[in-house]
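S.K.: Residue numbers (the numbering used here), protein chains in the order written: chain A, 1 to 134; chain B, 1001 to 1134; chain C, 2001 to 2134; chain D, 3001 to 3134. Don't be surprised by glycine CBs; every beta carbon is placed ideally from N, CA and C. Below is a structure I'd like to ask you about.
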């Protein structure tokens, strides 16, 4: 299992007409939490440009999310991520916590797979699989 | 049960660095499909401005989505929506179909509730409940 | 000079906390109007995938926009575009009109250039230049 | 004149199909820089919710932006903002700098006005006007 933490502050343009964080922006935050995870374990820095190793891209094939409490302007939310694997699927488990109140605002699970440039499913690279299983 | 159909054409700015429709934009499409549903059954037109009746807002409390096939620039996707209810929760079931290939590109389920201005849960208005149960 | 018209309907998720179309979404609309223009004059359809010819990409280097009237949910806005060129810069002039009221809601000008894969500026392809000058 | 600095890190979902920060996202960054400015000088914190004083909202009526260099994943960009006023229009001048290279990536100017709930233009509150002129 690999763990990761990210913090986001709700921005004014992310609010919708209800004055709270729009439901789809939570998926943006989750995606960015994954990019940070990728930065640590999957991407290579090629002269200032981050790239996927061996042209293997990580794509999301399923997301489930429960919205528990709303988030408003300037709220800080921490995403606690845990990554494991089942076969060649990476499972991301996410808990989103309002930093000021310490209350859970959402929970989410995503399934991720590696694909190559031709969109063919590829097994999880061994090195990463060992870490996910560890 | 109420049914609704919407069509979206994938826009250039909705593509991400993989060159396909970003995973969070599917939730934008689903939300817009719901706005169209609301337009038909829930909103009132107040001199050109659409508003929720009796200050009862429809908010999403859960979304599950499976991504089956990718969508690229100018692809047309049809969202077939079915709305039912369980108690005071509205259940939206969505099938997303690539219009050109007639293939399923994603399926999704959302749970929705009515809240008032103070974010207190409110029962589904009777008129709508009858339609959802019908 | 080349001309093009596009119509957009304001979507619920494009509203911000003021309940009107967010200022940055106008740039999304302008970009999509350009993608439609590209579809007609610049892109090639490669088995269902639209691609830039000869790996020459059209990028925006400047945008000026004046917001005149706000747009709200379900408003239809027509973008009337005119494209000309000055040297190797394409100039896009845009007028945005509320379809229901026929009133101008915004005006905008963008400067665009072609770049190759290495982000080196490239001259406007002759065929297109003739049309822009015509 | 009032000055303000903000830093943004380019997120994966903000990249478009060219693999660089999409042109409209720069306007999101500029808007968020303004929200931070508002937080300091204009908004009031009403029990955890930030609100505009006296129901006077700050809206953008014009934006000009020049894109000089592209930004890619994880690039950090500093926005240096200067705010002055001309009559009842606030002028925001922005320089965007890539933190790693110290190079200018974009410059922008926005015009902003205060409006009340009925979208009627309102003069700049005296207290703020004094600061902008000082």
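Tell whether a beta-carbon distance below 9 Å holds between residue 3028(D) and residue 13(A).
M.R.: Locating residue 3028(D) in the fourth chain gives position 28, where the first residue counts as 1. Locating residue 13(A) in the first chain gives position 13, where the first residue counts as 1. Closer than 9 Å, so yes.
S.K.: Restricting to runs no shorter than 3 residues, where is the beta strand (DSSP E) found entirely within the stretch 1043-1078 of chain B?
M.R.: As far as the stretch 1043-1078 of chain B is concerned, its whole beta strand (DSSP E) runs of at least 3 residues are 1043-1046, 1049-1052 and 1057-1067.
S.K.: Using only the alpha-carbon positions, how far apart do residue 1036(B) and residue 2073(C) sit?
M.R.: Working through the second chain from its first residue, we reach residue 1036(B) at position 36. Working through the third chain from its first residue, we reach residue 2073(C) at position 73. Rounded to whole angstroms, residue 1036(B) to residue 2073(C) spans 10 Å at the Cα level.
S.K.: Please tell me whether residue 2114(C) has its Cβ less than 9 Å away from any Cβ of chain B.
M.R.: Taking the third chain and counting its residues from 1, the one referred to as residue 2114(C) is at position 114. So, not an interface residue.
S.K.: Look up residue 2111(C) in the DSSP assignment and give the residues it is bridged to.
M.R.: One-based indexing of the third chain puts residue 2111(C) at position 111. For residue 2111(C), which the question treats as bridged, DSSP gives the partners 2062(C) and 2091(C).
S.K.: To be precise: take each residue of the stretch 2016-2031 of chain C, compare its Cβ to all Cβ atoms of chain D, and keep it if any distance is under 7 Å. Which residues remain?
M.R.: The residues in question are 2018, 2023, 2024, 2027, 2028 and 2031.
S.K.: Tell me whether residue 3024(D) sits in a helix, a strand or coil according to DSSP, three-state version.
M.R.: Indexing the fourth chain from 1 puts residue 3024(D) at position 24. Residue state, collapsed to three classes: helix.
S.K.: Between the stretch 3100-3115 of chain D and the stretch 3067-3082 of chain D, do three or more beta carbon pairs fall short of 8 Å?
M.R.: At 8 Å Cβ cutoff, the stretches touch.
S.K.: From residue 2018(C) to residue 17(A), what does the alpha carbon distance come to, in whole angstroms?
M.R.: Here residue 2018(C) corresponds to residue number 18 of the third chain, with the count starting at 1. Here residue 17(A) corresponds to residue number 17 of the first chain, with the count starting at 1. C-alpha separation (whole angstroms): 7 Å.
S.K.: Rank 130(A), 2(A), 119(A) and 66(A) by C-alpha distance to the C-alpha of residue 33(A) and give the top, closest one.
M.R.: On the first chain, residue 33(A) is found 33 positions in, with the first residue counted as 1. With distances taken between Cα atoms, residue 33(A) lies closest to 2(A).
S.K.: Considering only the beta carbon of each residue, do residue 1025(B) and residue 67(A) sit closer than 9 Å?
M.R.: By 1-based counting over the second chain, the position of residue 1025(B) is 25. By 1-based counting over the first chain, the position of residue 67(A) is 67. It is not a contact, given that the beta carbons lie outside the stated cut-off.
S.K.: When the Cα atoms are used, what is the spatial distance from residue 3094(D) to residue 1020(B)?
M.R.: Along the fourth chain, read from residue 1 onward, the residue named residue 3094(D) stands at position 94. Along the second chain, read from residue 1 onward, the residue named residue 1020(B) stands at position 20. C-alpha separation (whole angstroms): 32 Å.
S.K.: Counting only beta-carbon separations shorter than 9 Å, does residue 2100(C) have a partner in chain B?
M.R.: Looking up residue 2100(C) in the third chain gives position 100. Taking Cβ atoms only, chain B reaches closer than 9 Å to residue 2100(C), which makes this a yes.
S.K.: Would you say residue 2073(C) faces chain A, with C-beta separation under 9 Å as the test?
M.R.: Taking the third chain and counting its residues from 1, the one referred to as residue 2073(C) is at position 73. Yes, its Cβ sits closer than 9 Å to a Cβ of chain A.
S.K.: Counting C-beta neighbours from all protein chains within 10 Å, is the total for residue 1063(B) 16 or more, i.e. buried, or is it exposed?
M.R.: Locating residue 1063(B) in the second chain gives position 63, counting from the first residue. Looking at its Cβ environment, which holds 16 or more other Cβ atoms inside 10 Å, residue 1063(B) is buried.
S.K.: So for residue 3037(D), helix, strand or coil by DSSP?
M.R.: For the purposes of this step, residue 3037(D) is taken as residue 37 along the fourth chain, with counting starting at 1. In this structure, residue 3037(D) counts as helix in the three-state DSSP scheme.
S.K.: Rounding to the nearest angstrom, what Cα-Cα distance links residue 3006(D) and residue 3039(D) in this structure?
M.R.: Along the fourth chain, one-based indexing puts residue 3006(D) at 6. Along the fourth chain, one-based indexing puts residue 3039(D) at 39. Straight-line Cα distance between these residues: approximately 13 Å.
S.K.: How far does the alpha helix (DSSP H) with residue 1128(B) in it extend, from its first residue to its last?
M.R.: The residue given as residue 1128(B) occupies position 128 in the second chain. From DSSP, the alpha helix (DSSP H) with residue 1128(B) extends over 1126-1133.
S.K.: Anything in chain D within Cβ reach of residue 12(A), meaning under 7 Å, just list it in chain order.
M.R.: On the first chain, position 12 is the one that residue 12(A) refers to. Those within 7 Å of residue 12(A) in chain D are 3031, 3032 and 3035.
S.K.: Could you tell me whether any Cβ in chain C is nearer than 9 Å to the Cβ of residue 3039(D)?
M.R.: On the fourth chain, residue 3039(D) is found 39 positions in, with the first residue counted as 1. No, its Cβ sits nowhere closer than 9 Å to a Cβ of chain C.
S.K.: Going by DSSP, what residue range makes up the beta strand (DSSP E) through residue 3018(D)?
M.R.: Here residue 3018(D) refers to the residue found at position 18 of the fourth chain. Run containing residue 3018(D): none; DSSP gives neither H nor E here.
S.K.: Check for me: the beta strand (DSSP E) holding residue 1123(B) runs from which residue to which?
M.R.: Along the second chain, one-based indexing puts residue 1123(B) at 123. Note, residue 1123(B): premise wrong, no beta strand (DSSP E); not H, not E.
S.K.: Give the residues from the stretch 50-62 of chain A that approach chain B closer than 8 Å (Cβ to any Cβ), ordered along the chain.
M.R.: Correct list: 57, 59, 60, 61 and 62.
S.K.: Expressed to the nearest angstrom, what Euclidean distance is found between the alpha-carbon atoms of residue 2053(C) and residue 2082(C)?
M.R.: Within the third chain, residue 2053(C) is the residue found at index 53, counting from 1. Within the third chain, residue 2082(C) is the residue found at index 82, counting from 1. When rounded, the distance between both Cα atoms is 22 Å.
S.K.: Who are the near neighbours of residue 1125(B) in its chain, counting only those whose CB is closer than 6 Å to its CB and skipping five residues on each side?
M.R.: On the second chain, residue 1125(B) is found 125 positions in, with the first residue counted as 1. For residue 1125(B), where only same-chain residues beyond five positions count, there are no Cβ hits under 6 Å.
S.K.: Alpha carbon to alpha carbon, how far is residue 3046(D) from residue 3111(D)?
M.R.: In the fourth chain, counting from the first residue as 1, residue 3046(D) sits at position 46. In the fourth chain, counting from the first residue as 1, residue 3111(D) sits at position 111. So the alpha carbons of these two residues sit roughly 27 Å apart.
S.K.: Assign residue 120(A) to buried or exposed, taking buried as 16 or more other Cβ atoms, counted over all protein chains shown, within 10 Å of its Cβ.
M.R.: Residue mapping note: residue 120(A) aligns to position 120 of the first chain, counting from 1. Label assigned to residue 120(A): exposed.
S.K.: Report the rounded CA-to-CA distance for residue 2051(C) versus residue 3004(D), giving the unit in angstroms.
M.R.: The residue labelled residue 2051(C) in the question sits at position 51 within the third chain. The residue labelled residue 3004(D) in the question sits at position 4 within the fourth chain. Between residue 2051(C) and residue 3004(D), the C-alpha separation is close to 41 Å.
S.K.: Considering only the alpha carbon of each residue, which of 22(A), 69(A) and 57(A) lies closest to residue 90(A)?
M.R.: Walking along the first chain from the start, residue 90(A) turns up at place 90. Of the candidates 22(A), 69(A) and 57(A), the one whose C-alpha sits nearest the C-alpha of residue 90(A) is 57(A).
S.K.: Hey, how far is the Cα of residue 41(A) from the Cα of residue 1115(B)?
M.R.: In the first chain, residue 41(A) corresponds to position 41, counting from 1. In the second chain, residue 1115(B) corresponds to position 115, counting from 1. Their Cα atoms are separated by approximately 42 Å.
S.K.: I'd like to know whether the C-beta of residue 1070(B) is nearer than 9 Å to at least one C-beta of chain A.
M.R.: The residue given as residue 1070(B) occupies position 70 in the second chain. Yes, residue 1070(B) lies at the interface with chain A (some Cβ there is under 9 Å from its Cβ).
S.K.: Taking just the CA atoms, how far does residue 3099(D) sit from residue 1118(B)?
M.R.: Mapped onto the second chain, residue 1118(B) falls at position 118. Mapped onto the fourth chain, residue 3099(D) falls at position 99. Answer to the nearest angstrom: the Cα atoms are 43 Å apart.
S.K.: Shorter than 9 Å from the beta carbon of residue 3048(D) to some beta carbon of chain A?
M.R.: Start at 1 with the first residue of the fourth chain, and residue 3048(D) comes out as number 48. It does: the Cβ of residue 3048(D) has a partner Cβ on chain A nearer than 9 Å.
S.K.: Exposed or buried, what is residue 10(A) when buried is set at 16 or more other beta-carbons lying within 10 Å of its beta-carbon?
M.R.: Along the first chain, read from residue 1 onward, the residue named residue 10(A) stands at position 10. It is buried - the Cβ of residue 10(A) has at least 16 other Cβ atoms within 10 Å.
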